[in-house]
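Presented below is the structure to which this report refers.
In the numbering used here, the protein residues as written are -1 to 236.
Below you can see the structure in the form of structure tokens.
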């Protein structure tokens, strides 16, 4: 019996040793302050991380190319690269902007050869002349965006073919650089190399190598026009 009593006393002593000392009210308040500071610090970190992520995403969706600000926007599976082109009066006053959408990143079109001498001047009538039927999925995109660009400059678009047989078959005007020399002519055809060339004054050739490249030279052609237009605008605004 005596041993059991001693064991109980020993257990009580050990329990007392294991008991945590009670904190004073001041110590409790300090502990709560430390916990609150940690929580606030974590919240501030999360907020700044979110702001940084948003800013990074926003910056990644905007870039400058040839002095113009492009915006990258995704509509479902379609990715567009958009830019607003300033339109200036002869006195240098900015009258407005023309919106242009590209399917290709303009920075990735720099390797396409462009052989154009001097200033490009376009008539009020623009003939887009194809060689033959083009069996490519993105043909409507390539030709449609090209036509839309000129339409937005108030030009009249006339479709034709520089292959006489195809023109007759499709009941299109037979358009070449020679028989439409008083107007702007754009010849669009497949070739071994993707490029943009000036054949003669006011007559251009857009060449694409394979369906995967069909939108690239037409957009490079538009970028070349915009580049020359911006040189003119910058001269007027100065």
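Even glycine gets a Cβ: it sits at the ideal position worked out from N, Cα and C.
Helix or strand or just coil, what does DSSP make of residue i?
i, result
"residue 231", "helix"
"residue 178", "coil"
"residue 94", "strand"
"residue 142", "helix"
"residue 128", "strand"
"residue 216", "helix"
"residue 148", "helix"
"residue 84", "strand"
"residue 198", "strand"
Answer yes or no: do residue i and residue j have a C-beta to C-beta separation smaller than 8 Å?
i, j, result
"residue 73", "residue 103", "no"
"residue 127", "residue 186", "yes"
"residue 194", "residue 112", "yes"
Under a Cβ-count criterion, where at least 16 other Cβ atoms within 10 Å of its own Cβ denotes burial, should residue i be classed as buried or exposed?
i, result
"residue 77", "exposed"
"residue 71", "exposed"
"residue 208", "exposed"
"residue 203", "buried"
"residue 62", "exposed"
"residue 183", "buried"
"residue 233", "exposed"
Based on Cα-Cα distance, which residue from the options lies nearest to residue i?
i, options, result
"residue 271", "124, 166 and 129", "The structure shown does not extend to residue 271, since the chain spans only -1 to 236, so no value can be given for it."
"residue 81", "105, 67, 75 and 92", "67"
"residue 226", "114, 163, 188 and 62", "114"
"residue 180", "69, 99, 119 and 97", "119"
"residue 94", "224, 84 and 100", "84"
"residue 148", "98, 211, 92 and 86", "98"
"residue 163", "154, 173, 156 and 155", "173"
Kindly give me the distance between the Cβ atoms of residue i and residue j, rounded to whole angstroms, as I take these residues to be in contact under 8 Å.
i, j, result
"residue 140", "residue 89", "The Cβ separation is near 37 Å, so there is no contact."
"residue 136", "residue 213", "5 Å"
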